[in-house]
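UniProt numbering numbers the first residue of the sequence shown as 1 and each following residue consecutively.
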Amino acid sequence: MLLSTRFYGQNPEHKIDSVITAQFNEGKFNGNIEVIKNNAVIYRNSLGYSDFTSAKKLNKNSVFYLGSLSKQFTAMCIMILKSKGKLQYDDPVIKYLPDFPFKTVTIRHLLTHSSGMNDYITLNEEQWKKYPNATDKDVVRMLKEDFDTLRFQPGESFFYSNTNYSILVNIIEKVSKKSYPEFIHSSVFKRLGMGHSFIKTEKNAYKKGVKGYIKNDSQNRYELPDSLNGLFDSPTAKIIGGGGVFSTLDDLYKWDKALYSNKLLPKTILEEAFMPYTFSNGTKGRYGFGWNVYHRDNGDIVVRHAGQFTGYLSVITRNITRKETIIILTNVTGNNDTSNFITLMTNIETILETSEKLKS
């Protein structure tokens, strides 16, 4: 669907449509996509199926699992609590979680992946047997029993670890005295009117979202993952801090708009999410609070995050200088899905940038 309410450059929406359609026709894309400029949707499309067996097609209301893209929502919950004076970013984690084993790790270290903690997803099959139906609360125990040393001193470097965001959920629940699903619903989803967004541990979540598939390229068919790798059957199924959100294009559009407004937080507080962390040696990283942060040579500031799980891949790229946002959600993964996504995202960014130059 082409949704343009104003002339913007040389009709970039038509060029975007050509790129997306070509990817779909080549069997490289099955999903939903939305492009936003100045808070207006200029392009939105649904291509492919939510259920290949019944040939049910995707539509704008299809609900996708976001994977690690969910981290920006967990970070927002922490920022909301900070704005209310309930916590400070440089508070040590042990202030809220006395059993936490690393005394010098702070909330800021968790938000920016600079804690040095290992990632719980690297536990082997035998280790996972100790944690049946594991939740975020069990991650603290994992740190004490299986990951009792840090990769580096907190603040020294960057290591992307889902563990950080599981610990943040524990802090959110301790400080707010609510479950994480309750807090994010009342503090984020409800306030923004994100009526189709929810956490994967909620009742009947598996019925609400689209099915995730693996593309078998050699046989050109789409298969459901086995039980060990299924979203609701894997050992991490009930761990939600680093990847628990389901959402839709329209809800993510509301989310994007809120990040340009004071609807959730004052702008001065909100902007901290998009500032890269400065390591203890004075160098800057490329991660803020739940966002990868890029300062481009042309002066543009771009924030981005992707999420991936077997059968699902999602990405949001926000050029906050130009107020351009690209949201891509798919329920099919395969051998080349990440490279296809990067190519698709890059092509759309190039179209928008070229169109803006022609306009000026």
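For every residue, glycine included, the Cβ atom is placed at its ideal position computed from N, Cα and C.
Residue state for residue 273 is assigned as helix, using DSSP reduced to three classes. Counting along the chain, residue 239 sits inside no alpha helix (DSSP H), nor does DSSP assign it H or E at all. Following the DSSP letters along the chain, one finds residue 47 inside the beta strand (DSSP E) bounded by residues 40-47.
Spatial neighbours of residue 183 in its own chain (CB-CB distance under 7 Å, excluding positions within 5 residues in sequence) are listed in chain order as 77, 172, 176. Counting along the chain, residue 305 sits inside the beta strand (DSSP E) bounded by residues 301-309.
Spanning the alpha carbons of residue 125 and residue 268 requires a straight line of approximately 45 Å.
Unbroken beta strand (DSSP E) stretches of 3 residues or longer found wholly inside the segment 49-85: 49-51, given in chain order. Looking at the DSSP output, residue 15 shares a beta bridge with no other residue. DSSP places residue 294 in the strand class (E or B) of the three-state scheme. Within the segment 183-247, the complete alpha helix (DSSP H) runs of at least 4 residues fall at 205-208. With fewer than three CB-CB distances shorter than 8 Å, the segment 228-244 does not count as touching the segment 148-157. Per DSSP, residue 179 is not a residue of any beta strand (DSSP E), being assigned neither H nor E. The beta carbons of residue 100 and residue 94 sit closer together than 8 Å. Here the C-alpha atom of residue 162 lies approximately 14 Å from the C-alpha atom of residue 305.
Ranked by Cα distance from residue 105, the options 312, 344, 115, 111 are led by 115. The alpha-carbon of residue 22 is positioned some 32 Å away from that of residue 205. For residue 253, there is no enclosing beta strand (DSSP E); the enclosing alpha helix (DSSP H) covers residues 249-258. Contact annotation: residue 253 and residue 323 have beta-carbon atoms that are not nearer than 8 Å. Here DSSP, grouped into helix, strand and coil, assigns residue 312 to strand. In the same chain as residue 224, and ignoring 5 residues on each side of it, the C-beta atoms closer than 7 Å to its own belong to 211, 213, in chain order.
In this structure, 136 is the residue among 288, 136, 295, 287 with its C-alpha nearest to the C-alpha of residue 180. Each residue's CA atom was taken as its position, placing residue 56 and residue 215 some 17 Å apart. Of all C-beta pairs linking the segment 296-311 to the segment 56-69, three or more are shorter than 8 Å, placing the two stretches in contact.
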